[in-house]
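See below for the structure under consideration.
Residue numbers (my numbering), protein chains in the order written: chain A, 1 to 318; chain B, 1 to 295.
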């Protein structure tokens with residue numbers, strides 16, 4: 001008697017709990033229905049490929065598929081790491097990424113700092129509108145512009161150099177200028193847009209700080225060092241973390257489009273190599289092994305950088 | 001920095017320097033675009049006479065544009081790109097909105113799990129090869145859908161939209177609910193009209209992505225008649241023989257050097273984007289900021 005009396009309310013509560021869950025689900029059914037297409041998209045085109053990474057451990061054959069292809073353990077990874085190409089690819093990738101971090105983040109920041117000094121509204125607006133523009137153009141178009149300036153025989157710069165009696169260099173097929181070319185076109189394309197985020201951070205700095213500093217006799221440079229730069233440090237660190245996490249990406253879109261056989265020694269990066277081997281030559285397993293390597297390093301870097309940022313007193317990404 | 005006191009001479013020199021550098025950077029950004037537009041509209045003999053360099057052309061011609069628009073290849077690519085841009089952007093916005101709206105409701109059970117699952121895809125991905133194999137497996141190869149479905153939602157854009165929805169006043173939605181609006185009616189009649197700035201911003205982001213898309217074209221399409229504009233443009237720039245790429249007889253091009261035609265095609269790809277983005281500028285700056293604040 002006592003037993004059943006004790007058991008009954010528990011049973012009731014459990015049932016009520018289940019009923020409540022069902023009722024909540026029913027109440028929000030439309031919200032759940034809304035999410036279905038998006039969730040399906042993520043499952044199919046993001047999560048299935050994650051499981052598709054198993055082809056890196058197989059001798060994948062397109063006809064046999066993932067279920068039919070033989071497993072080879074770490075053979076593909078051994079092939080990759082012992083290949084003489086690999087150190088070159090790593091070097092090109094990291095070098096290009098580091099160049100990009102330095103020569104993108106600094107121009108973005110400097111442009112924002114300079115725009116922040118401007119008080120003539122229309123001038124500021126014009127400079128911003130002009131410099132945002134290239135962000136919205138494709139790398140193919142930028143390649144077309146480079147072509148218009150440097151094409152052998154007809155480009156603006158090429159013709160100018162020839163008229164001056166100098167030997168024109170073909171920047172697209174010359175190893176010594178290929179990397180600077182990538183970086184300079186990247187500055188041209190992305191600096192204006194990249195400055196937006198710093199401008200926002202600058203606008204958020206408490207203006208009273210400047211007034212107080214000015215009353216204390218701080219000049220412009222002092223204000224820059226002691227108020228402005230500390231005020232945007234957080235944003236800078238945040239962007240740095242994000243970029244460090246993508247250090248093995250090195251700007252695939254741009255590099256693939258600018259790349260040609262003559263500059264493989266300095267321009268071929270992990271992604272372009274994966275693309276050539278995988279999509280163009282239809283070998284899937286070894287490139288997928290490089291992909292696994294890339295994804296894992298990226299994950300470790302983002303998590304690690306985030307942890308360091310938090311330790312340094314910043315807020316990190318999450 | 002605010003002006004509090006009269007500027008000293010050294011301040012004025014610094015200011016002068018800043019204005020000059022900014023003006024130069026602005027012009028440097030503009031010049032390459034101006035140059036290709038000028039080259040594409042100027043008879044090539046005049047370009048050559050000026051050593052490739054001319055700021056204001058004396059005569060204008062539409063010959064290069066006539067050739068590319070009568071060729072068949074560029075108009076078809078333009079058609080594919082327009083279709084993919086319009087249809088793709090509409091689908092992008094629809095699916096992103098439908099996903100971001102429920103995820104903006106903190107009370108929704110299961111919300112955090114879905115959100116974490118989505119954010120994780122920003123940290124770890126299968127990469128190029130498994131994605132390619134998935135697209136192949138789902139039967140999108142050699143269809144227009146290969147240019148649309150694999151990029152249906154951009155996680156970054158979705159998070160921006162979710163943050164925007166969270167910033168909307170909840171009272172309005174609650175009032176609508178009290179008046180008998182269901183979730184569908186609330187979203188369509190209340191939330192969407194309040195969200196036009198974010199729709200414009202993300203519409204621009206998605207639209208530009210479709211307009212500029214190159215990789216889906218070369219990865220998933222073999223059928224040349226489905227090639228989007230950027231793929232055709234790239235093939236045209238790198239080829240010495242424009243006539244073959246345009247599929248028109250050489251004789252039709254005899255008067256025109258390949259450079260004019262190449263630059264005219266570049267201009268066709270540039271102009272629509274350049275016409276649209278300044279009008280959406282005030283929106284996308286706000287959109288960027290919302291995204292940046294919450295990350």
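Just so you know, even glycine gets a beta-carbon here, dropped at the ideal spot from N, CA and C.
All of these numbers come straight from a predicted model, not from anything done at the bench.
Find the nearest neighbour of residue i within the set the options, judged by alpha-carbon distance.
| i | options | result |
| --- | --- | --- |
| residue 243 of chain A | B:88, B:122 and B:77 | B:122 |
| residue 150 of chain A | B:36, B:24, B:78 and B:277 | B:36 |
| residue 280 of chain A | B:77, B:124 and B:128 | B:128 |
| residue 231 of chain A | A:260, A:207 and A:68 | A:207 |
| residue 179 of chain A | A:237, A:268 and A:140 | A:268 |
| residue 31 of chain B | A:131, A:117 and A:114 | A:131 |
| residue 116 of chain B | B:88, B:80, B:137 and B:159 | B:159 |
| residue 15 of chain B | A:78, A:22, A:124 and A:166 | A:124 |
| residue 163 of chain B | B:137, B:183, B:244 and B:288 | B:288 |
| residue 90 of chain B | B:136, B:265 and B:209 | B:209 |
| residue 75 of chain B | B:246, B:34 and B:280 | B:246 |
| residue 265 of chain B | B:235, B:286, B:281 and B:284 | B:235 |
| residue 184 of chain B | A:24, A:25 and A:29 | A:29 |
| residue 291 of chain A | A:152, A:36, A:51 and A:117 | A:51 |
| residue 170 of chain B | B:105, B:125 and B:77 | B:105 |
| residue 140 of chain B | B:107, B:223 and B:120 | B:223 |
For residue i, return the contacting residues in chain A, with the cut-off set at a CB-CB distance below 8 Å.
| i | result |
| --- | --- |
| residue 11 of chain B | 220 |
| residue 76 of chain B | Neighbours of residue 76 of chain B on chain A: none; closest Cβ ~17 Å, over 8 Å. |
| residue 115 of chain B | Simply none; closest approach about 11 Å. |
| residue 128 of chain B | 271, 274, 275, 278, 279, 287 and 291 |
| residue 297 of chain B | Not covered by the structure: residue 297 of chain B. The range shown for chain B is 1 to 295. |
| residue 153 of chain B | 38, 41 and 42 |
| residue 208 of chain B | 136 |
| residue 29 of chain B | 130, 131, 133, 134, 188 and 192 |
Under 8 Å Cβ-Cβ, which residues of chain B neighbour residue i?
| i | result |
| --- | --- |
| residue 63 of chain A | None at all; the shortest Cβ gap to chain B is about 12 Å. |
| residue 90 of chain A | None at all; the shortest Cβ gap to chain B is about 16 Å. |
| residue 69 of chain A | Within 8 Å Cβ-Cβ: nothing; residue 69 of chain A doesn't reach chain B, min ~11 Å. |
| residue 52 of chain A | 126, 129, 130, 131, 133 and 134 |
| residue 49 of chain A | 125, 126, 127, 130, 131, 133 and 134 |
| residue 115 of chain A | 22 |
| residue 127 of chain A | 22, 23, 25 and 26 |
Under 7 Å between beta-carbons, which chain B residues line up against residue i? List them in chain order, please.
| i | result |
| --- | --- |
| residue 319 of chain A | Nothing can be reported for residue 319 of chain A, as the shown portion of chain A is limited to 1 through 318. |
| residue 295 of chain A | 124, 125 and 127 |
Can you give the beta carbon distance from residue i to residue j, rounded, assuming they're within the 8 Å contact cut?
| i | j | result |
| --- | --- | --- |
| residue 152 of chain B | residue 188 of chain B | With 8 Å as the limit, residue 152 of chain B and residue 188 of chain B do not qualify as a contact, their Cβ atoms being about 21 Å apart. |
| residue 31 of chain A | residue 250 of chain A | Going by Cβ atoms, the distance from residue 31 of chain A to residue 250 of chain A rounds to 40 Å, so no, they are not a contact pair. |
| residue 261 of chain B | residue 67 of chain B | 6 Å |
| residue 221 of chain B | residue 146 of chain B | 7 Å |
| residue 165 of chain B | residue 219 of chain B | Wrong, their Cβ atoms sit about 33 Å apart, outside the cutoff. |
| residue 134 of chain B | residue 41 of chain A | Actually they are not in contact, since the Cβ atoms of residue 134 of chain B and residue 41 of chain A sit about 12 Å apart, beyond 8 Å. |
| residue 248 of chain B | residue 71 of chain B | 5 Å |
| residue 284 of chain B | residue 204 of chain B | 6 Å |
| residue 157 of chain B | residue 98 of chain B | That belief does not hold up - the Cβ atoms of residue 157 of chain B and residue 98 of chain B are roughly 13 Å apart, past 8 Å. |
| residue 84 of chain B | residue 228 of chain B | 6 Å |
| residue 39 of chain A | residue 114 of chain B | 6 Å |
| residue 35 of chain A | residue 240 of chain B | Actually they are not in contact, since the Cβ atoms of residue 35 of chain A and residue 240 of chain B sit about 51 Å apart, beyond 8 Å. |
What does residue i reach in chain A if we use C-beta pairs closer than 7 Å?
| i | result |
| --- | --- |
| residue 118 of chain B | 42 |
| residue 121 of chain B | 42 and 46 |
| residue 109 of chain B | 24 |
Residues in the same chain with beta-carbon distance under 7 Å from residue i, minus the five sequence neighbours each way, listed in chain order, please.
| i | result |
| --- | --- |
| residue 71 of chain A | 57 and 58 |
| residue 77 of chain A | 289 |
| residue 139 of chain A | 253, 254 and 257 |
| residue 172 of chain B | 190 |
Which same chain residues, not among the five before or five after residue i, have their C-beta less than 6 Å away from its C-beta?
| i | result |
| --- | --- |
| residue 101 of chain A | 243 |
| residue 225 of chain A | none |
| residue 200 of chain A | none |
| residue 183 of chain A | 99 and 103 |
| residue 174 of chain B | none |
| residue 283 of chain A | 277 |
Strictly below 9 Å CB to CB, what residues from chain A border residue i?
| i | result |
| --- | --- |
| residue 35 of chain B | 145, 148, 149 and 156 |
| residue 214 of chain B | 138, 139, 140, 253, 256 and 257 |
Looking only at its chain, what residues have a beta carbon closer than 8 Å to the beta carbon of residue i, apart from the 5 residues adjacent to it on each side?
| i | result |
| --- | --- |
| residue 239 of chain A | 105 and 197 |
| residue 22 of chain B | none |
| residue 187 of chain A | 103, 104 and 107 |
| residue 13 of chain B | none |
Hey, does residue i have any beta-carbon neighbour from chain E nearer than 8 Å?
| i | result |
| --- | --- |
| residue 165 of chain A | Judged by its chain identifiers, the structure shown contains no chain E, and its protein chains are A and B. |
Residues from the stretch 265-283 of chain B in contact with chain A, defined by Cβ distance under 7 Å | 266, 269, 270, 273, 274, 277, 278 and 281
Chain-ordered residues of the stretch 133-157 of chain A with a beta carbon less than 8 Å from chain B | 133, 134, 136, 137, 138, 139, 140, 141, 143, 144, 145, 147, 148, 149, 151, 154, 155 and 156
Taking Cβ-Cβ distances below 7 Å as the criterion, which residues of the stretch 300-311 of chain A are in contact with chain B?
-> Interface annotation for the stretch 300-311 of chain A against chain B: 302, criterion Cβ-Cβ distance under 7 Å.
Of the residues that make up the stretch 217-245 of chain B, which ones have a beta carbon closer than 7 Å to any beta carbon in chain A?
-> Those residues of the stretch 217-245 of chain B that come within reach of chain A (Cβ to Cβ, closer than 7 Å) are 219, 230, 233, 234 and 237.
When you check each C-beta in the stretch 181-197 of chain B against every C-beta of chain A, which residues fall closer than 7 Å?
-> 182, 183 and 184
Taking Cβ-Cβ distances below 7 Å as the criterion, which residues of the stretch 166-178 of chain A are in contact with chain B?
-> none
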